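Just add 26 to the spot in the sequence shown (first one is 1) and you have the working numbering.
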Amino acid sequence: MTRKDGLSLIKLTVRFLLMVILQGIMAMVWLLLIRKEAGGAGIFGYSYQRLALLIPALFVIILTGLLSWGLKKRPGWQSVLMDERRRASFSRIGILAGFLLALVSWSFAFFFHFFGLTKYLNAYIRLLPLLTYSFVIGLECILFITLVWLGGRKDKNGPRFKVLFGKTFWIALAIFVVIWLTIELTGLGIAPEFVSIISLNVPLLEGQVWFMAGLVVLILCLAGGWSRLPGREGKSSWLRADLLICIALWALAAGLWLSLPLPLNNYFAPRVLPPNYSIYPFSDAEQYDLNSIWVWKGAIKDIVISKPLYVAFLSTLHALAGLDYGKVILLQTLVLALLPVVMYLLGKEMHSRLGGLTLALFVILREMNSIRAVNFANVSNSKLLLSDTPATLLVAVLLLLTIRWFKTPAEKVDKYPFLIGGIVACLNLIRIQTMLLEPVLVVLLLIRYWKQYKKLFQALGLVLLALVLVLSPVLMRNHSITGVYWLDDPATSSALYSFFLDENTDDLDIPTVETEEDILNRNISVIKQVLTQNFGPLVLSMADNFLHNVISTILIFPVRLGNQIDFLSYLQIDEPFWSEVYSRANFLNFFNLLINLIIISVGIGSAAKKHLPAVLLVLGFYCIYSLSSALVRISGWRFIQPVDWLIIAFYSFGLIDLLRTGLSSLFGLGVSDADHFLAQYSSERKPRPLAWSTVIVFGLVFFITGAYIPLREMLLPVAYPDYTREEVCDAFQDALVGSSKEYLQADLEDFCMQENVLAYKGIGISPRYFKAGTGFYPRKYDPYFGNQDYGRLVFRTVGVPNTKVYIKTENESIRFPDGVEVYVLGEEQRKFEARAVLILGEENQLIVSWPEEETE
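Right, here's the structure in full:
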């Protein structure tokens, strides 16, 4: 560097420092202009806390002033700055410090709202000048060092915006516009027929999109500056960096999700009630959880388990954590926090590391929204015992493996057909509709090994082997119970069968049923009749629900700028605005939606340019999955959740490419280099021969996955109490001695020995006491959870038999620890009402509801 260049560098540095001082003074003035605290305490009416906030800005001003003076007056300081090696060292520290300062300030400014900390809003307003100042000087520090200390514009011929708007972009945008116009002109998808809940799925917030855009800019600036430093790290460290990123994403997701509270009053986890005031699952979540406890305790003789993979997963969690809902959710969250990790790897395979990182962070933020909305919206998330988020994780793994498979040259048959076949089978055990993927997998094999018959049959054999290892244990067990080879309880397919029907069923021949096999055959028969006789209306209904899925997916990125809502609503979840199609028809919303579609189309075009098969695989999988739910007239909400994240992926890719191109045009930052760590992408993977050790290891994993329930049933002892009817009757007789109901001994003994009476001992779980006139919903026909005129204790028992029990009582002072042994006595009927319950514990408690009294 010549002396003239050195002096110019010093002069520019001093000017930058003076600008930092001026900005600090402006931040201090801004802070002092904020309305004073009530009471006028402190100095000049400012509180001491407010004045303390001036100290960081004042410190930066003084420090910057000293640096400016030193560079002007001290030749030694000037020579240090002009020395390229030492300046590079300072640049490395300055870029990293500036990035961290800007990152912390930017994150705090937004996460304050994402966590809903509005009760501290006054403190936040006073922090805002300091946060803004920190962010600005951090970003300016990165840009100044990059553009001045490290050599000015170096990428004058970088990418231009026109490169982003290629043929694929226009095709994608045209398809979106056609879908948009179809919805607007026909009304399809806006409000499909109500068969089940048709709410849209939980979206991101505008503020989260702004946050991510700013974060991407920061990362791109950091990357642009870091790439100009000497001694860049080689590719040998990239694998280790990927591992560190994956660990960091898992820890971040687990930490943020676990920091949010458990549900207080969700349909699947209702309000806590006496006697234990604990959270117990309800509805679908209760069924999965109850089945898992049956598996855990071994109480599954002659019981077909629905969604056996998720039930086996929950059973393992119960074995580790017991019956405590919070501990089970903790373990579940630690597993589901792998979802952003898989999303990162998916984004990396489709676009770049930065694409994967952006996708993963968006997924983390969206899950936070879902958890924060759990008490007032229809959501499915890691705080609930529902199968949708685990299914999303499996779908993401499946697509990751499939994309890697198609990126590997078809020179040899490798591990991917076996792994993909196993994951598809696992999906079958958590989502019965994914059985549609088996024929799709055959089509993919044909495409992959077209006219290579030997390889085709080898790959097909691996797929079939994986499917057999996972599915055959479930099929054989279910067949031994029902006489039907089916992956689920045939009775559960009745729900799907009923969704096919509309109010007019006169033209359909609906057979009567007696056995499980009859139920399955009836359902298949009705579905065939609907497909042949009512094909036109069915297609219209499918289109309606398919487009509803599309609307739910697109509106993950909200369109509300023209809805005239409060600004804070852009930053925090405060109402379930997505429960219906919420966007009003006006210019601002039109512009908002158009911008979103352009960004998504840019992302599709960018990913297609890198590897078109990956884009087609993801879009094709979305369409198949969406059609599988639309076929039975359900859509939106959790029915599309396992695949609707694809729009986040393409939006992330488009956002990155637009911002990267903009920064390249403005500042010449070299962040679009394909060899850069964050932008690096490989369109091919090295082919590797099939290692039989892989087949053996993963084959064992697949087999254990499918055989988990049969193996538990065959190899482990039951963990519920054994009993005889005489023991139960004697226990009640002994409990009546000395009680206020002792006079019922003779009646109860006679009642206990009747053949139509259930008298048993089991493990009591999930006790809830309802006062008279209360329940979870106004359904008089449900004596357990509907509003009733009488007080009652409701609980489940695990053992022989597994039952749901209610007993009428007005006594609220019940001691019923979760998991305690209980004796139950009552007439055998479909809605089982107990006449007597004996709860064992340190002090046994007897509850009696006799016909003459209906009280304890």
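Just so it is clear, CB atoms sit at the ideal spot from N, CA and C, and this is done for glycine as well.
Small disclaimer: the values here were computed from a predicted structure and weren't measured.
| query | result |
| --- | --- |
| Quick one: Cα of residue 655 to Cα of residue 671, how far? | 16 Å |
| What residues match up with residue 72 in a beta bridge as DSSP calls it? | 69 |
| Report yes if the CB atom of residue 455 is closer than 8 Å to the CB atom of residue 513, and no otherwise. | yes |
| Does any residue of chain D have a CB that is nearer than 8 Å to the CB of residue 830? | The structure shown has no chain D; it contains just one protein chain. |
| What three-state label does DSSP hand residue 789 in the structure shown? | strand |
| Any heavy atom of the ligand COA closer than 7 Å to the Cβ of residue 316? | The model depicted lacks the ligand COA and carries no ligand whatsoever. |
| Quick one: measure Cβ to Cβ for residue 471 and residue 482, integer angstroms, because I've assumed they're closer than 8 Å. | 6 Å |
| To the nearest whole angstrom, what separates the beta carbons of residue 784 and residue 874, a pair I think is in contact under 8 Å? | Going by Cβ atoms, the distance from residue 784 to residue 874 rounds to 16 Å, so no, they are not a contact pair. |
| Looking at the unbroken alpha helix (DSSP H) that takes in residue 140, where does it start and where does it end? | 110 to 140 |
| Just mark residue 767 as buried or exposed, buried being the case when its beta carbon has 16 or more other beta carbons within 10 Å. | buried |
| Suppose you measure from the CA of residue 270 to the CA of residue 392; what does that come to, to the nearest Å? | 23 Å |
| Mark residue 772 as exposed unless 16 or more other C-beta atoms lie within 10 angstroms of its C-beta, in which case mark it buried. | exposed |
| With residue 230 and residue 395 assumed to form a contact (beta carbons below 8 Å), what rounded beta-carbon distance in angstroms separates them? | 7 Å |
| Starting from the C-beta of residue 824, find all residues in its chain whose C-beta is less than 7 Å away, skip the five residues before and the five after it, and write them out in chain order. | 319, 320, 323, 325, 746, 788, 789 and 791 |
| Whose CA, out of 679, 674 and 669, lies closest to the CA of residue 634? | 679 |
| Using the Cα positions of residue 507 and residue 275, report the straight-line distance between them to the nearest angstrom. | 44 Å |
| Measuring CB atoms only, is the stretch 234 to 246 touching the stretch 409 to 427, in the sense that at least three cross pairs come out at less than 8 Å? | no |
| Take the Cβ of residue 832 as the centre, count every other Cβ of all protein chains shown within 10 Å, and call the residue buried at 16 or more, exposed below. | buried |
| Is residue 888 helix, strand or coil by DSSP? | It is not possible to answer for residue 888, since the shown part of the chain is limited to 27 through 882. |
| So if DSSP puts residue 871 in a beta bridge, which residue, or which two residues, is it bridged to? | 865 |
| Between residue 311 and the rest of its own chain, which residues show a CB-CB distance below 8 Å, the 5 nearest in sequence each way excluded? | 294, 295, 410, 411 and 412 |
| Could you tell me which residues DSSP pairs with residue 62 in its beta bridges? | DSSP, once it has assigned bridges, lists no residue as partnering residue 62. |
| Near residue 167, what residues of its chain come up, given a Cβ to Cβ distance below 6 Å and the 5 sequence neighbours on each side ignored? | 120 and 124 |
| Counting only runs that start and end within the stretch 234 to 289, where is the alpha helix (DSSP H) found for 4 or more residues in a row? | 264 to 285 |
| Just to confirm my understanding: we take residue 34, look at its own chain, exclude 5 residues before and 5 after, and list those with CB closer than 7 Å. What are they? | none |
| Whose CA, out of 829, 818 and 828, lies closest to the CA of residue 301? | 818 |
| From what residue to what residue does the alpha helix (DSSP H) around residue 333 run? | No alpha helix (DSSP H) holds residue 333; DSSP gives it neither H nor E. |
| The alpha helix (DSSP H) with residue 834 in it runs from where to where? | Counting along the chain, residue 834 falls outside any alpha helix (DSSP H), though it belongs to the beta strand (DSSP E) covering 829 to 834. |
| Counting only the same chain and skipping the five closest in sequence on each side, list residues whose C-beta sits under 6 Å from that of residue 707. | 378 and 636 |
| Is the stretch 158 to 165 in contact with the stretch 610 to 627, if contact means three or more CB pairs nearer than 8 Å? | no |
| Would you identify the three-state DSSP class for residue 30, choosing helix, strand or coil? | helix |
| Pull up the CB-CB distance for residue 357 and residue 343, whole angstroms please, since I reckon it's below 8 Å. | 5 Å |
| Look at the alpha carbon of residue 144 and the alpha carbon of residue 594, and state the distance between them as a whole number of angstroms. | 9 Å |
| Return the chain-ordered list of same chain residues with a C-beta closer than 7 Å to the C-beta of residue 530, the five sequence neighbours on each side being excluded. | Unreliable positioning characterises residue 530 in this predicted model, as indicated by a pLDDT of 48, which lies under 50. A coordinate reading is not provided. |
| Per DSSP, residue 823 forms a beta bridge with which residues? | 790 and 829 |
| Counting Cβ pairs, one atom from each stretch, are 3 or more of them under 8 Å apart for the stretch 359 to 366 and the stretch 279 to 286? | yes |
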